[in-house]
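What follows is a single structure, written as structure tokens, with notes after it.
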Amino acid sequence: MLADVVQYLVCPVCGADLELADRGLLCPGGHTFDIARQGYANLLPGNARPGTADTPEMVRARDEFLRAGHFAIPADRLAWSVSRARPSFVLDAGAGTGHYLSRTLDRSPDAVGLALDISKHAARRAAKAHPRAGAVVADLWRPLPLRNGAADTVINVFAPRNAAEFHRVLSDDGLLFTVTPSPRHLGPLVESLGLLSIDKRKTERTDAALAGYFKLDSRQELETEAVLTHEEIVTLVGMGPSAHHVPAEQLQERLVRLPDPLPAPLSFVLSTYRRLE
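So that you can map any letter, position 235 of the sequence shown is 235 in the UniProt record's numbering, and since no number is skipped, the others follow by simple counting.
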């Protein structure tokens, strides 16, 4: 619930602390932000636009895909890794429906969490993902609506990484956990379906993008396989870099040539970074 995390939030307009007021959030400067009936708050500044934020259909499909357990291995390993740090406040940056944050909070019973995503449709689900989690709509590429040093843990799963802002909102000994696909992700399906391949230097580029703010602490490679229906593969493709690369009609044409269901190799990299001073 937002009441559990409001102490960490700041006004996206003036940077002042926010507090609960009736059915909204209020700062001393008089800026107010409504809390939707679904329980999330929209903290996008008035001049911000949601851009390519997930649609209701995309959110529903992704939620069903994740609930089916196809990405259970990265979700469970992330939750276990975070729990070892004994967090008190976890920020899920690019949280989607809050699936990974919920798993993480289940393994860390003394922590509260905040799901942050630019899609209001995702935030609606994230607000109900866990009793100790709140949800806000915000843009990862803008200053995050959080106090300096508010979080002791940031998780970032298949989402953009704003190194400077993650560094600012983390405490001095804070940890950043990222989950990214490896070049082996989806294996032969990449060629069969004409998908964009994962950069073979993606992990190296991720390290470079965080350099100056974070140093690598540990890394795990996670390999598994899922048997997916064609419908699930369409959803999976829509969750990755090929979402705007392969038109839906072409994807369907290529899929009909393949068995239904069919096995798909899944490969991930879980990295833990420590905040630099």
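Ideal Cβ positions, reconstructed from N, Cα and C, are used throughout, including at glycine.
As the structure is a prediction and not an experimental result, all values here were calculated from the model.
Residue environment analysis places Gly30 among the exposed positions, since fewer than 16 neighbouring C-beta atoms fall within 10 angstroms of its C-beta. In this structure, the straight-line span from the alpha carbon of Leu210 to that of Arg62 is close to 28 Å. With 16 or more other Cβ atoms from the protein chains shown falling within 10 Å of its own Cβ, Arg125 counts as buried. Judged by DSSP in its simplified three-state form, Val5 adopts helix. Within its own chain, the residues whose Cβ lies closer than 6 Å to the Cβ of Pro145, once the five positions on either side in sequence are excluded, are Leu9, Val10, Pro12, Leu43, Ala138, listed in chain order. With fewer than 16 neighbouring CB atoms inside 10 Å of its own CB, Asp199 falls in the exposed class.
Contiguous alpha helix (DSSP H) elements confined to the stretch 89-174 occur at 99-107, 120-126, 163-169, taking only those with 4 or more residues. For Thr32, the uninterrupted beta strand (DSSP E) segment begins and ends at 32-34. DSSP, read as helix, strand or coil, puts Thr235 in helix. For a cut-off of 8 Å, the C-beta gap from Val59 to Ser119 is around 7 Å, short enough to register as a contact.
His230 places its beta carbon 7 Å or farther from that of Leu189. Contact between the stretch 75-88 and the stretch 238-246 is not established, with fewer than three Cβ pairs separated by less than 8 Å. In the same chain as Ala123, and ignoring 5 residues on each side of it, the C-beta atoms closer than 6 Å to its own belong to Tyr40, Asp117, Ala135, Val137, in chain order.
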